[in-house]
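Asks: Chains as they are written, first to last, in my numbering: chain A, 2 to 222; chain B, 18 to 423.
Quick one: the structure is below, and I'll ask about it shortly.
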Amino acid sequence: MTSGIETQELSKKFTNGVTALSEISIGIAQGEFIALVGRSGSGKSTLMNILGGLDTPTTGSVFINRKEVDYKNRKNLIDIRRTQVGFVFQQFNLIPSLNALENVAYPLLFNYTRKEERNDRAFELLKMVGLGERADHLPHQMSGGEQQRVAIARAMVANSSIILADEPTGNLDSKTSAEIYALMRKVNKEKNVTFLIVTHERELASYCDRIIELRDGKVIA
Amino acid sequence: MIAKEMDILRVSARQLLTKRLRVALTVLGIAIGVAAVIGIVALSDGIRYQAIETIKAQSDLTMIEVHPKTTDGVTQLITDTKVASLQATPHVLAVAPAFMDSYSTKKQTFLQVVAVRSDEIDKVLNLKYSAGRPFASGAPEVVFGADLKDKLQRNEGIRIGDVFTALVRDYDENGMPVDRQVPLTVSGALGDRDDQFDRYVLIDMTTASRIRGEQKGYDTVFIRVDDPDAVFSVVDEINAQGLSSQGSFEQIKAVNQFMDAILIVFMIFAVFALFVGGLMITTTMITSVYERTREIGITMAIGASESDVIRLVLYECLLIGIIGGIVGDILGYLFTVVLNTAGKPFIIDRMGPEFSAILGNEIAKISPEMAVAGMVIAVVFSLGAGLYPAVKATHLNPVEAIRGMI
Numbered sequence: 002m003t004s005g006i007e008t009q010e011l012s013k014k015f016t017n018g019v020t021a022l023s024e025i026s027i028g029i030a031q032g033e034f035i036a037l038v039g040r041s042g043s044g045k046s047t048l049m050n051i052l053g054g055l056d057t058p059t060t061g062s063v064f065i066n067r068k069e070v071d072y073k074n075r076k077n078l079i080d081i082r083r084t085q086v087g088f089v090f091q092q093f094n095l096i097p098s099l100n101a102l103e104n105v106a107y108p109l110l111f112n113y114t115r116k117e118e119r120n121d122r123a124f125e126l127l128k129m130v131g132l133g134e135r136a137d138h139l140p141h142q143m144s145g146g147e148q149q150r151v152a153i154a155r156a157m158v159a160n161s162s163i164i165l166a167d168e169p170t171g172n173l174d175s176k177t178s179a180e181i182y183a184l185m186r187k188v189n190k191e192k193n194v195t196f197l198i199v200t201h202e203r204e205l206a207s208y209c210d211r212i213i214e215l216r217d218g219k220v221i222a
Numbered sequence: 018m019i020a021k022e023m024d025i026l027r028v029s030a031r032q033l034l035t036k037r038l039r040v041a042l043t044v045l046g047i048a049i050g051v052a053a054v055i056g057i058v059a060l061s062d063g064i065r066y067q068a069i070e071t072i073k074a075q076s077d078l079t080m081i082e083v084h085p086k087t088t089d090g091v092t093q094l095i096t097d098t099k100v101a102s103l104q105a106t107p108h109v110l111a112v113a114p115a116f117m118d119s120y121s122t123k124k125q126t127f128l129q130v131v132a133v134r135s136d137e138i139d140k141v142l143n144l145k146y147s148a149g150r151p152f153a154s155g156a157p158e159v160v161f162g163a164d165l166k167d168k169l170q171r172n173e174g175i176r177i178g179d180v181f182t183a184l185v186r187d188y189d190e191n192g193m194p195v196d197r198q199v200p201l202t203v204s205g206a207l208g209d210r211d212d213q214f215d216r217y218v219l220i221d222m223t224t225a226s227r228i229r230g231e232q233k234g235y236d237t238v239f240i241r242v243d244d245p246d247a248v249f250s251v252v253d254e255i256n257a258q259g260l261s262s263q264g265s266f267e268q269i270k271a272v273n274q275f276m277d278a279i280l281i282v283f284m285i286f287a288v289f290a291l292f293v294g295g296l297m298i299t300t301t302m303i304t305s306v307y308e309r310t311r312e313i314g315i316t317m318a319i320g321a322s323e324s325d326v327i328r329l330v331l332y333e334c335l336l337i338g339i340i341g342g343i344v345g346d347i348l349g350y351l352f353t354v355v356l357n358t359a360g361k362p363f364i365i366d367r368m369g370p371e372f373s374a375i376l377g378n379e380i381a382k383i384s385p386e387m388a389v390a391g392m393v394i395a396v397v398f399s400l401g402a403g404l405y406p407a408v409k410a411t412h413l414n415p416v417e418a419i420r421g422m423i
């Protein structure tokens with residue numbers, strides 16, 4: 002077993018009887034840049050949510066950096082979200098009342114990190130995503146692409162080794178989408194961060210190291 | 018740890034700033050509740066204070082009259098040992114044991130006679146004479162109270178220095194009344210005191226014992242207390258010794274009981290106002306939690322625990338409570354100012370000019386303790402009102418919250 006993500010016969014059945022995931026066993030090595038593709042309802046988002054500790058599987062196991070995730074232990078799930086996994090969403094999902102710097106530093110607020118350190122780290126990351134000059138801008142004062150850059154910086158701020166991105170370019174034009182992919186790739190190369198990116202766009206998926214395709218809750222490629 | 022709390026508090030403050038008008042109205046709601054409580058307590062305290070000051074000014078508050086208690090029809094007279102114990106009570110300056118008797122004049126004017134020792138009663142009452150002198154020890158002499166002196170002089174022509182015949186009633190073996198005639202000299206008359214001694218006859222205890230026979234104890238002890246504020250503690254001590262006490266302090270007790278009853282009734286209305294303010298906070302926070310469903314979901318997704326989310330919501334309520342408390346204190350203060358300036362003439366106009374003196378300078382009195390209490394009430398109500406929305410926020414499913422499915 003290597004660092005990164007591994008699932009063993011992971012299944013998820015909803016209370017309404019729908020099976021979202023069916024015995025999925027995948028391995029993603031540390032530093033891989035993976036695209037997760039599939040039609041709507043194929044189970045992509047459910048898989049992402051389970052890997053990020055936001056949802057729980059019905060059966061099966063998940064290992065993050067060789068450690069099995071204990072889905073019955075809420076503290077363990079919070080700890081995974083705080084320190085190991087970062088999220089990037091399609092809607093950017095920044096906190097509207099906080100500026101770019103504060104949004105990036107926000108996860109560290111719950112981590113007992115001192116304010117100066119939080120701000121230093123957040124500013125470094127903002128510079129890395131090319132927004133050093135816009136640190137004090139509120140989300141509504143930034144374009145979609147800029148907001149997504151802030152969201153990527155936020156996902157990295159806790160030194161997470163894995164970033165789960167759910168349709169990160171779904172709300173962006175093709176030029177900005179390409180820029181965001183380039184940025185994620187840069188982070189992946191420079192920081193050896195594992196990326197698992199849910200996308201519909203085959204062209205963008207082709208930038209990735211590997212493509213995992215889901216259909217009806219099963220891995221088909 | 019504290020730094021983290023301050024940082025979360027700052028985030029909560031930012032949230033409040035994004036919905037200024039709604040927060041301002043909510044703050045006003047809780048502030049009006051606090052102001053109502055402060056205004057009512059200030060008004061009641063002001064009236065209570067004025068009434069008590071009037072009682073203090075117009076009556077002899079530090080004089081207590083002690084009597085033995087009657088149980089099952091038996092009255093145990095107060096012994097010298099009990100008198101000594103009363104004298105030893107803290108804050109008691111002087112005691113004067115006495116026994117009461119009743120004589121009459123030949124024209125059947127009732128005389129309430131108080132048998133005392135001259136030096137002891139003088140220490141308690143600080144007697145002033147309008148005419149004549151105190152009775153001599155062991156002599157058949159009496160001193161009249163101011164009103165009695167006027168009455169007997171007017172109706173029966175008895176003057177200072179005169180010898181008059183007092184009728185002392187006894188009962189023979191058949192139970193029939195027998196009046197004895199006792200000649201007594203009026204040695205002096207007391208000045209006006211505005212109390213019961215204006216109507217009493219003072220007589221030396223030795224003389225009274227000679228007339229009525231030796232007494233086995235005292236039915237009254239007059240006590241002088243050194244400080245008006247210590248009266249109630251002395252009364253408690255007296256009651257603890259199985260005796261009962263009377264005096265002007267009872268008026269203060271009655272005023273306090275009356276004002277407490279009024280305060281409770283008015284407080285019910287004030288608590289309604291506070292309750293409405295609390296409901297406004299609950300509504301504001303529930304709306305806020307619903308509006309920020311996605312935001313709360315994200316906050317949980319990036320590592321906030323349930324307790325972090327609860328704190329984020331409750332700190333908003335805390336801030337609303339603090340601002341509401343401050344605004345409530347200010348409104349409460351303004352209310353008392355209005356009462357003391359515009360309200361006072363209105364009340365005097367309605368109740369008559371004689372109330373102008375009784376009402377003094379302030380009819381509503383606000384104290385720093387009230388302001389602190391107002392703040393505490395606002396904060397407690399606000400936090401209480403925020404509990405439900407805070408707990409509700411933690412029950413959000415982050416996945417559904419982020420997708421905007423809730």
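Cβ atoms here follow ideal geometry from the backbone N, Cα and C, with glycine treated the same way.
A quick note: this is a predicted structure, and the numbers were derived from the prediction, not measured.
Would you call the stretch 48 to 64 of chain A and the stretch 115 to 122 of chain A in contact, with 3 or more CB pairs under 8 Å?
Replies: Not touching, per the Cβ criterion.
Asks: Check each residue of the stretch 37 to 48 of chain B: if its Cβ is closer than 9 Å to any Cβ of chain A, include it; give the result in chain order.
Replies: The stretch 37 to 48 of chain B vs chain A, Cβ under 9 Å: nothing.
Asks: Closer than 9 Å by beta-carbon distance: list the chain E residues that pair up with Y208 (chain A), in chain order.
Replies: No chain E is part of this structure, whose protein chains are labelled A and B.
Asks: G320 (chain B) CB to nearest chain A CB: under 8 Å?
Replies: At least one chain A Cβ lies under 8 Å of G320 (chain B).
Asks: What do you reckon, is the C-beta of Y72 (chain A) under 7 Å from a heavy atom of the ligand NAD?
Replies: As presented, the structure is devoid of all ligands, the ligand NAD included, so that no description of it is given.
Asks: Give the secondary structure of I176 (chain B) by DSSP, where H, G and I count as helix, E and B as strand, and everything else as coil.
Replies: In the sequence as displayed, the identity of residue 176 (chain B) is Arg instead of Ile. Three-state result, R176 (chain B): coil.
Asks: Quick check: is the beta carbon of V416 (chain B) nearer than 8 Å to any beta carbon in chain A?
Replies: So yes, V416 (chain B) belongs to the interface.
Asks: Tell me H108 (chain B)'s beta-bridge partners as DSSP assigns them.
Replies: Looking at the DSSP assignment, H108 (chain B) forms no beta bridge with any residue, so it has no partner.
Asks: Could you check what DSSP says for E386 (chain B) in three-state terms: helix, strand or coil?
Replies: If DSSP states are grouped into helix, strand and coil, E386 (chain B) belongs with the helices.
Asks: Could you check whether the Cβ of P108 (chain A) sits closer than 8 Å to any Cβ belonging to chain B?
Replies: Yes, because at least one Cβ of chain B sits closer than 8 Å to the Cβ of P108 (chain A).
Asks: Measuring straight from C-alpha to C-alpha, what distance separates D24 (chain B) and L45 (chain B)?
Replies: Going by the C-alpha atoms only, they are around 26 Å apart.
Asks: To the nearest angstrom, how far is it from the Cα of L33 (chain B) to the Cα of L331 (chain B)?
Replies: Computed Cα separation, rounded: 12 Å.
Asks: Nearest to E22 (chain B) by CA position, among A:R135, A:G28 and A:Y113, is which residue?
Replies: Of the candidates A:R135, A:G28 and A:Y113, the one whose C-alpha sits nearest the C-alpha of E22 (chain B) is A:Y113.
Asks: Check whether the Cβ of N74 (chain A) lies closer than 8 Å to any Cβ atom in chain B.
Replies: Taking Cβ atoms only, chain B never reaches closer than 8 Å to N74 (chain A), which makes this a no.
Asks: What residues in the stretch 267 to 291 of chain B have a beta carbon less than 7 Å from any beta carbon of chain A?
Replies: Cβ contacts with chain A come from no residue of the stretch 267 to 291 of chain B.
Asks: Would you tell me roughly how many angstroms separate the C-alpha atoms of L356 (chain B) and I380 (chain B), rounded to the nearest one?
Replies: Their backbone Cα atoms lie some 7 Å apart in a straight line.
Asks: Pull the bridge partners of A166 (chain A) from the DSSP assignment, please.
Replies: Per DSSP, A:V89 and A:I198.
Asks: With a 10 Å radius around its C-beta and 16 neighbouring C-beta atoms as the bar for buried, classify Y188 (chain B) as buried or exposed.
Replies: Result: exposed.
Asks: With 9 Å as the C-beta to C-beta threshold (strictly closer), list the residues of the stretch 176 to 207 of chain A near chain B in chain order.
Replies: Under the 9 Å Cβ criterion, the stretch 176 to 207 of chain A contributes no residue.
Asks: Assess contact between the stretch 214 to 229 of chain B and the stretch 149 to 159 of chain B, defined as three or more Cβ pairs (one per stretch) separated by less than 8 Å. Is contact present?
Replies: Contact holds: three or more Cβ-Cβ distances are below 8 Å.
Asks: Does DSSP classify G345 (chain B) as helix, strand or coil?
Replies: G345 (chain B): helix per DSSP, three-state reduction.
Asks: So which residues on chain B does D71 (chain A) lean against when the C-beta distance must stay under 9 Å?
Replies: Residues of chain B passing the Cβ test: none, with the nearest at roughly 16 Å.
Asks: Quick one: what does DSSP say I221 (chain A) is sitting in, helix, strand or coil?
Replies: It is coil, neither helix nor strand.
Asks: Which two residues bound the contiguous beta strand (DSSP E) that contains M80 (chain B)?
Replies: Start and end: M80 to P85.
Asks: Shorter than 8 Å from the beta carbon of S43 (chain A) to some beta carbon of chain B?
Replies: For S43 (chain A), the answer is no, since every Cβ of chain B falls outside 8 Å of its Cβ.
Asks: Does the beta-carbon distance from R115 (chain A) to V130 (chain A) come in below 8 Å?
Replies: Not in contact: R115 (chain A) and V130 (chain A) (Cβ atoms no closer than 8 Å).
Asks: Does DSSP classify R420 (chain B) as helix, strand or coil?
Replies: Helix at R420 (chain B).
Asks: Specify whether the stretch 88 to 101 of chain A and the stretch 337 to 353 of chain B touch according to this definition: at least 3 beta carbon pairs, one from each stretch, less than 8 Å apart.
Replies: No, the stretch 88 to 101 of chain A is not in contact with the stretch 337 to 353 of chain B.
Asks: Excluding sequence positions up to five away, which residues of its chain have a Cβ less than 6 Å from the Cβ of I25 (chain A)?
Replies: Closer than 6 Å at the Cβ level, and outside the excluded window around I25 (chain A), lie T8, L11 and V220.
Asks: Kindly say whether K21 (chain B), judged by its beta-carbon, lies nearer than 8 Å to any beta-carbon of chain A.
Replies: At least one chain A Cβ lies under 8 Å of K21 (chain B).
Asks: Should the stretch 53 to 71 of chain B be regarded as contacting the stretch 311 to 324 of chain B, the criterion being three or more beta carbon pairs within less than 8 Å?
Replies: Output reads no: the stretch 311 to 324 of chain B does not touch the stretch 53 to 71 of chain B.
Asks: Could you tell me whether any Cβ in chain B is nearer than 8 Å to the Cβ of R115 (chain A)?
Replies: With 8 Å as the cut-off, R115 (chain A) counts as an interface residue toward chain B.
Asks: In the DSSP assignment, find the alpha helix (DSSP H) that holds V40 (chain B) and state where it starts and stops.
Replies: Counting along the chain, the alpha helix (DSSP H) containing V40 (chain B) begins and ends at R37 to Q75.
Asks: How should V141 (chain B) be labelled, buried or exposed, when 16 other C-beta atoms within 10 angstroms of its C-beta is the threshold for buried?
Replies: V141 (chain B) is buried by the Cβ-count criterion.
Asks: Listing by chain order, which chain B residues have their CB less than 8 Å from the CB of L99 (chain A)?
Replies: Residues of chain B passing the Cβ test: V28 and R31.
Asks: Using only the alpha-carbon positions, how far apart do G1 (chain A) and A318 (chain B) sit?
Replies: No statement about residue 1 (chain A) is possible, as the shown extent of chain A runs from 2 to 222 and does not include it.
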